[in-house]
Amino acid sequence: DGQAVEFLVDFDAKKREEAEQRNEERKREEEEAAQNKAVHFVSGEDQRTYGVSHVAFSKTEMEREKRKKILEMRRRANLERLNKVRVRKGLEPLPLTDEPNKDEEEMGPFLDIPMPSGPEPNKQPQPEAKVDKKPQFGIREWDRGKVAYMRWIDGQREERNEEFRPPASYFR
161 DGQAVEFLVD FDAKKREEAE QRNEERKREE EEAAQNKAVH FVSGEDQRTY
211 GVSHVAFSKT EMEREKRKKI LEMRRRANLE RLNKVRVRKG LEPLPLTDEP
261 NKDEEEMGPF LDIPMPSGPE PNKQPQPEAK VDKKPQFGIR EWDRGKVAYM
311 RWIDGQREER NEEFRPPASY FR
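Convert by adding 160 to the 1-based position in the sequence shown; the result is the number in the working numbering.
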């Protein structure tokens, strides 16, 4: 006929419109970021880069401060809840201070952990004398052929060329 059909639906039109809107929004944000020298959040970076504790704050100062206050209130409420449980269990409550511990700032939180001593000089592990232990109660019926076989394997290993021997770390 050549007439337009009205009942057919273009399902991809909605996706195209959304993609165009996202592209326009991204371009607008990039332009704003180029104009603004203070960077609070770099678009394109995500929790994988910043870590799981990363919170993407708003770009406006008022909303950012509001979000910070909400997070601080949640942190304090969580700490108070944990302190109630600790008191119930007979433990001392955690401090509710807002300022960080000055000792931790100066020394760092992990300095009380003892560091391992320096590397020890090259110590060659001394080969222990092989002691053939005889079973206390004799050889079990299912172990009868194994002893001779293990001796044969040890002999083959002794005769093996040094070049083809597995590393010593395999036999620890």
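Glycine included, every Cβ here is placed at the ideal spot set by N, Cα and C.
For the pair S213 and L239, the Cα-to-Cα distance works out to about 17 Å. Excluding five sequence positions before and after V215, the CB atoms of its chain that fall closer than 8 Å to its own CB belong to R227, L231, given in chain order. Secondary structure note for R236: its alpha helix (DSSP H) is the uninterrupted segment 221-248.
The straight-line gap separating the alpha-carbon atoms of Y309 and G315 is approximately 10 Å.
One Cα belongs to G211, the other to I313, and the distance between them is close to 53 Å.
Each residue's CA atom was taken as its position, placing K306 and R300 some 10 Å apart.
For R188, the secondary structure class from DSSP, reduced to helix, strand or coil, is helix. For G315, the enclosing alpha helix (DSSP H) covers residues 306-319. DSSP places D170 in the coil class of the three-state scheme, outside both helix and strand.
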